[in-house]
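Following: one structure in structure tokens, then a few remarks.
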Amino acid sequence: MLSFFWRNGVETPEPLKADVTGSIPPWLQGTLLRNGPGLFSVGNTSYKHWFDGMALIHSFTFKDGDVFYRSKFLNSETYKKNIAANRIIVSEFGTMVHPDPCKNIFSKAFSYFMNAIPDFTDNNLINIIRYGEDYYASSEVNYINQIDPLTLETLGRTNYRNHIAINLATAHPHYDEEGTTYNMGTAIMNFGRPKYVIFKVPANAIDKEKKKPALRKVELICSIPFHSTLYPSYFHSFGMTENYIIFVEQAFKLDILKLATAYFRDVNWGSCLKFDKDDITLIHLVNRKTGKTVSTKYYADTFVVFHHINAYEEDGHVVFDLITYQDSNLYDMFYIHNMKQDVDKFIETNKEFSRPTCQRFVLPLSIDKEAPPDTNLVKLQDTTATAVLKQDSSIYCTPDTIFEGDSYIQNFIIFCKYFVFIQTKYLTIAKVDIATRTHQVWIEEECYPSEPVFVASPDAVEEDEGVILSSVVSFNPQKPPFLVVLDAKSFKEIARATIDTAIHMDLHGLFIHDKST
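And the structure:
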């Protein structure tokens, strides 16, 4: 069984020196932070979905060729309440929790009343994000928890609502060359007309006395009204180029009325998402500097997207790559009862789910309104993506399929010419060359690698000069966990750091350079 996914993790609160084989580049100095679910049962209660587990933060610190590992549970309000009660008492994405049966009728009634408008968990298990010089464990709700990136101590909770009018926010921001952080959120309740909100936090949002969060200097870039007023699009990430922010308003939507009544109807929040296959996909381009939305209406057929891979500008076009699915069944794969199957059965069962496809969209920035209808306005020669001018001056976009996977793909922006991802069916890390449509892989039998993180070498000339880092766990208890270091250009393993303790499978994270070196 895939028990290493859903078993309870353990903390390693003090630095543990890894056994390093191979050669770690001397310039690699800093800390890789990782985040993911790590605690799946409390007392006699258990979560129903893998994305519900309480956050376990990991770090791998590189110092003069050595690697040190440590981990701690995020000491969120959710964690403290659950541990104190010795049972799960805070609802999560796939697990709805109801009042303690021992409560009296008045306490139960109050609990139901308080849940009419959800006050979401602060179990921030998805990613680590940076605002100014503050680091936060994040998920997709209004709460984030600041952590110390060296000790992994939880420093305190911050509510986005105290700084900007949003109820939800992504855990996948972007950072520009100056260090400014760009992110997106959704304003649903108590903030006037429902809208999507794009904002940024400057790199210099630093409080030297450490008394105020960097978010106090948040700046609104723009807001975009919902295409469907009561059904905002769910978005896990967005794209960014030198001049534009790309927001894909997909037909995978959140039903606000269902969300508000989920507690009373005894359904989880995950069931409040629905895929409207008869709708369209809208693509919004926002100028990063002016905050103005490009007036051209770009649209495509329906699909489901979680991760953007890449985005850039070329010869008057915005090019961006996504991992798309033809339905919204992916989340079902990660219900714990599915993950308790044997590995072979789990893989066989999940063949029923939509295949992930890497697709490229190309948006022309200059629209020739005099061109006849049904003209393809894409002028780039290295893609089959189209952007067709319609009678009403809108642009209908069809993608160029770059790569088709066989199971769940976790994908992340690494390069312009290449992208790197993990594919769970074959347990590989893969690097795809966009120009030649070829790929290289790293594979280890019985092992699951986590999200690959690219760290560029300080004197890099080519875009893939540097290393790829990935935390690797095995479903074979005889194989210890390790961190693999790959040369990003050749994709060959150059080092690994084996850890003599249990490490849990994680989701996302970032690398922090040691500024003292």
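Numbers given in this note's numbering equal positions in the sequence shown, counted from 1, plus 577. No residue lacks a Cβ here, since even glycine has one placed at the ideal position from N, Cα and C.
Rounded to the nearest whole angstrom, the C-alpha separation of Phe930 and Cys1024 is 22 Å. In this structure, the CA atom of Val1018 is about 15 Å from the CA atom of Ile1011.
Here Lys967 carries a coil assignment [DSSP, helix/strand/coil]. Secondary structure at Met1082: coil, using DSSP grouped into helix, strand and coil. When the five nearest sequence neighbours on each side are left out, the beta carbons in the same chain lying within less than 8 Å of the beta carbon of Pro592 are those of Thr638, Phe645, Tyr646 and Arg647, in order along the chain. Between the beta-carbon of Ser1034 and that of Pro602 there is about 7 Å, and that keeps the pair under the 8 Å contact cut.
Taking 8 Å as the upper bound for CB-CB distance, Asn719 and Phe697 are in contact here, some 6 Å apart. Within the stretch 1024-1048, no run of alpha helix (DSSP H) reaches 4 residues while sitting entirely inside it. Only residues of its own chain outside the window of five on either side were considered, and among them Phe880, Val882, Thr934 and Gln936 have a CB closer than 6 Å to the CB of Thr901, listed in chain order. The beta-carbon distance between Glu730 and Ile783, rounded to whole angstroms, is 20 Å. This is too long to meet the 8 Å contact definition.
Thr763 counts as buried, since at least 16 other C-beta atoms from the protein chains shown sit within 10 angstroms of its C-beta. Following the DSSP letters along the chain, one finds Met910 in no alpha helix (DSSP H), marked with neither H nor E. Boundaries cannot be given for Thr757, as no alpha helix (DSSP H) includes it and DSSP labels it neither H nor E. The beta carbon of Val1030 lies closer than 6 Å to those of Leu1046 and Phe1088 in the same chain, with the five residues before and after it left out. With a cut-off of 8 Å on Cβ pairs, the stretch 659-672 is not in contact with the stretch 939-950, counting fewer than three such pairs. Each residue's CA atom was taken as its position, placing Lys1056 and Ile1080 some 12 Å apart.
Using a Cβ distance threshold of 8 Å, Tyr821 and Leu862 count as a contacting pair.
Within its own chain, the residues whose Cβ lies closer than 6 Å to the Cβ of Phe829, once the five positions on either side in sequence are excluded, are Tyr811, Phe852, Val881 and Ser905, listed in chain order.
Cβ-Cβ separation between Phe815 and His885: approximately 6 Å, consistent with a contact (criterion under 8 Å).
Exclusion of the five residues before and after Arg734 leaves Ser653, Glu654, Asp699, Tyr720, Ile721, Asn722 and Gln723 as the residues of its chain whose Cβ lies within less than 8 Å of its Cβ.
Under DSSP, Gly733 forms a beta bridge with Gln723. Rounded to whole angstroms, the separation of the alpha carbons of Ile833 and Tyr808 is 6 Å.
Unbroken beta strand (DSSP E) runs of no fewer than 3 residues, entirely contained in the stretch 832-874, are found at 850-852 and 858-864, following chain order. Per DSSP, Ala661 is one residue of the alpha helix (DSSP H) stretching across Glu654 to Ala662.
DSSP places Gln936 inside the beta strand (DSSP E), whose first and last residues are Thr934 to Pro941. The alpha-carbon separation between Trp583 and Ser943 amounts to approximately 50 Å. Beta-bridge annotation (DSSP): Ile775 is paired with Met761 and Cys799. Taking Arg664 as reference, the option from Trp627, Leu651, Ala632 and Gly620 with the minimal CA-CA separation is Gly620. Under the Cβ criterion (8 Å, minimum of three pairs), the stretch 1066-1077 counts as touching the stretch 586-600. A direct Cα-to-Cα measurement between Ala877 and Ser970 gives close to 14 Å. Classified as buried, Ile706 has 16 or more neighbouring CB atoms from the shown chains inside 10 Å of its CB.
Note that the stretch 888-902 does not touch the stretch 796-806; fewer than 3 beta-carbon pairs, one per stretch, sit closer than 8 Å. Ranked by Cα distance from Phe938, the options Phe824, Ala791, Lys956 and Val895 are led by Val895. Per DSSP, Leu702 lies in no beta strand (DSSP E) and is assigned neither H nor E. Looking only at Thr747, Leu633 and Phe1059, the smallest Cα-Cα distance to Gly586 is reached by Leu633.
Asp1091 and Asp641 have their C-alpha atoms some 11 Å from each other.
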